[in-house]
Amino acid sequence: MISLDVEAEDSGSRIDLFLARHLELPRPLIQAALKRGDVLVDGKVVRPSHKVETGQSVEGEIEEAVVGVPLPEQIPLDIRYADDRLMVVSKPAGLVTHPAGGHATGTLVNALLGLGVPLSQVDPQRPGVVHRLDKDTSGLLLVAKDDESHAFLSSRLKDRAITRRYIALVRGEMKSATGTIEAPIGRHQTFRRKMAVAAGGRSAVTHFTVLGRDHGLSLLDVGLETGRTHQIRVHLSHLGHPVLGDSVYGGKGERSMDLGLDRPFLHAWRLVFPHPDGGETEVTDGLPGDLRVALSRTKLEWTPPAG
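For the sequence shown, the positions run 739 to 1045 when the working numbering is used.
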């Protein structure tokens, strides 16, 4: 069931695109619901091409596709580290981490199964997946090859013993060189697929260091202490500095278009974790091509620090 209000930033958008953006569902599924009259705008049936306006109410129901057991697919993967117990892969932007409603195939899990290597079966629908990244966030992800490794890594993640760092380009020049954002995150009251800082939400803590500033932009090194859905994007937007290119949380605009960004400038560049067999492992990952190009159009520079 959906109940959404159209805000100013979405005014003029096609209804099918508006719903796809806020619900993260495929357009064909949404268009079918609109044509059946399952979704109404201000109580009226509309075509998928209908342009929504500020203040309109969108209500109805969209049936999500049933997700079965994932199957192997031949999808190229950049493996940054691998041994007998685990892997670290660099997920490209646009690739969903695991199958879910609207994304039954073409996910990172399908790609992992296509490698033909052992994967943990703690969750058969998400084999190997220890944690996840948003669809349009790129970077490093931990993958467990056996159930014991999966349990160990999940426990260390819960204990906050795994370091996860991100590079983010945000709107506005931040005054503080470093900072911590501590604010609970819960579901948005109106947009069910969107998160927000909300009283009664789950505790969330994000740390940041400013690496540089340039004409209304700040480049940040961001660390997660907790791992809530969309945490970095929500926290930085709440601070008044949304991730550039983020159409959901206020980072989309003329500057992001000037830099050629069609997704949030957010990349998971560093993982440091206790290994199930002992010791500590560190893996780093440079910026992907689209973010390198965007950054080159500013006066800011960044490469992963050595060591």
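Glycine included, every Cβ here is placed at the ideal spot set by N, Cα and C.
Over the uninterrupted alpha helix (DSSP H) stretch that includes residue i, give me the two end residues.
i       : result
Phe756  : 753–761
Arg1001 : Note, Arg1001: premise wrong, no alpha helix (DSSP H); not H, not E.
Val986  : Note, Val986: premise wrong, no alpha helix (DSSP H); not H, not E.
Leu1030 : The question names Leu, but residue 1030 in the sequence shown is Arg. Per DSSP, Arg1030 belongs to the alpha helix (DSSP H) from 1027–1034.
Val847  : 846–852
Cutting at 6 Å between CB atoms, please list the residues of its own chain near residue i, excluding the five before and the five after it.
i       : result
Asp1047 : No answer is possible for residue 1047: the residues shown for the chain start at 739 and end at 1045.
Ala831  : Asp874, Ser876, Arg1001
Ala779  : Position check: residue 779 holds Val in this sequence, whereas Ala was assumed. Around Val779: Gln794, Val796.
Thr1049 : Shown here, the chain extends from 739 to 1045; a query on residue 1049 therefore has no answer.
Glu1020 : Val1010
Ala771  : Val777, Ile800
Gly750  : Lys789
Just to confirm the assignment, what range does the beta strand (DSSP E) spanning residue i have?
i       : result
Val981  : No beta strand (DSSP E) holds Val981; DSSP gives it neither H nor E.
Val827  : 824–829
Ser1047 : Nothing about residue 1047 can be read from this structure; the chain reaches only from 739 to 1045.
Arg902  : 901–909
Glu1039 : It is not in any beta strand (DSSP E) - Glu1039 carries neither H nor E in the DSSP assignment.
Arg818  : 816–820
Thr1022 : 1018–1022
Looking only at C-alpha atoms, which of the options sits nearest to residue i?
i       : options                         : result
Thr947  : Gly1016, Val960, Leu809         : Val960
Leu955  : His968, Gly983, His973, Ala936  : Gly983
Thr843  : Leu809, Gly917, Ala831, Arg823  : Leu809
Thr901  : Ala1006, Leu846, Gly775, Val779 : Ala1006
Arg951  : Glu911, Glu762, Leu757, Val972  : Glu911
His945  : Ala771, Pro814, Glu920          : Glu920
Leu962  : Leu757, Gln812, His979, Thr918  : Thr918
Pro1012 : Glu1039, Ile813, His979, Ser893 : Ser893
His836  : Gln812, Arg870, Asp996          : Arg870
Leu1033 : Val790, Glu992, Leu907, Lys782  : Leu907
Asp1028 : Arg903, Gly1017, Ser994         : Ser994
Pro865  : Leu824, Arg898, Ala899          : Leu824
Asp1015 : Arg971, His888, Thr1022, Arg818 : His888
His788  : Asp822, Asp743, Arg752          : Arg752
Ser762  : Tyr819, Arg774, Val868, Val986  : The question names Ser, yet the displayed sequence has Glu at residue 762. Nearest C-alpha to Glu762: Val986.
Lys990  : Glu747, Ser741, Asp743          : Glu747
Val739  : Thr928, Arg909, Val868, Leu755  : In the sequence under discussion, the amino acid at residue 739 is Met, which differs from the Val named in the question. Ranking the options by Cα distance to Met739, first place goes to Thr928.
Arg898  : Val943, Ile800, Glu799, Ser749  : Val943
Leu880  : Ser941, His953, Glu791, Leu846  : Leu846
Thr1022 : Ser975, Arg966, Arg818, Thr964  : Arg818
Ile970  : Lys896, Thr1041, Tyr904, Leu850 : Tyr904
Arg785  : Leu755, His760, Thr792          : Leu755
So, for residue i: in the same chain, excluding its five sequence neighbours on each side, which residues have a beta-carbon less than 7 Å away from its beta-carbon?
i      : result
His926 : Lys932, Met933, Ala934
Gly852 : Pro810, Glu811, Gln812, Ile813
Asp821 : none
Ala882 : Leu824, Ser858, Gly866, Val868, His888, Leu891
Ser941 : Pro922, Thr964
Just to confirm my understanding: we take residue i, look at its own chain, exclude 5 residues before and 5 after, and list those with CB closer than 8 Å. What are they?
i      : result
Ala758 : Pro764, Arg765, Ile768
Gly938 : Pro922, Gly924
Q: Only counting runs of 4 or more residues, tell me where the alpha helix (DSSP H) segments fall wholly within the stretch 951–976, in order along the chain.
A: Taken in chain order, the complete alpha helix (DSSP H) segments of 4 residues or longer contained in the stretch 951–976 are 969–976.
Q: Identify every run of the beta strand (DSSP E) within the stretch 856–896, keeping only runs that are complete inside it and at least 3 residues long; order them along the chain.
A: 876–882
**Q.** 3-residue-minimum beta strand (DSSP E) runs that sit fully inside the stretch 916–941, ordered along the chain
**A.** Uninterrupted beta strand (DSSP E) stretches at least 3 residues long and entirely within the stretch 916–941 occur at 916–920, 923–925, 933–935, given in chain order.
Q: Take every Cβ of the stretch 997–1007, pair it with every Cβ of the stretch 850–862, and state whether three or more of those distances are shorter than 8 Å.
A: Verdict: no, contact absent.
Q. Where in the stretch 768–810 do unbroken runs of the beta strand (DSSP E), each at least 3 residues long, occur, reported from the N-terminal end onward?
A. Listed in chain order, they are 777–779, 795–798.
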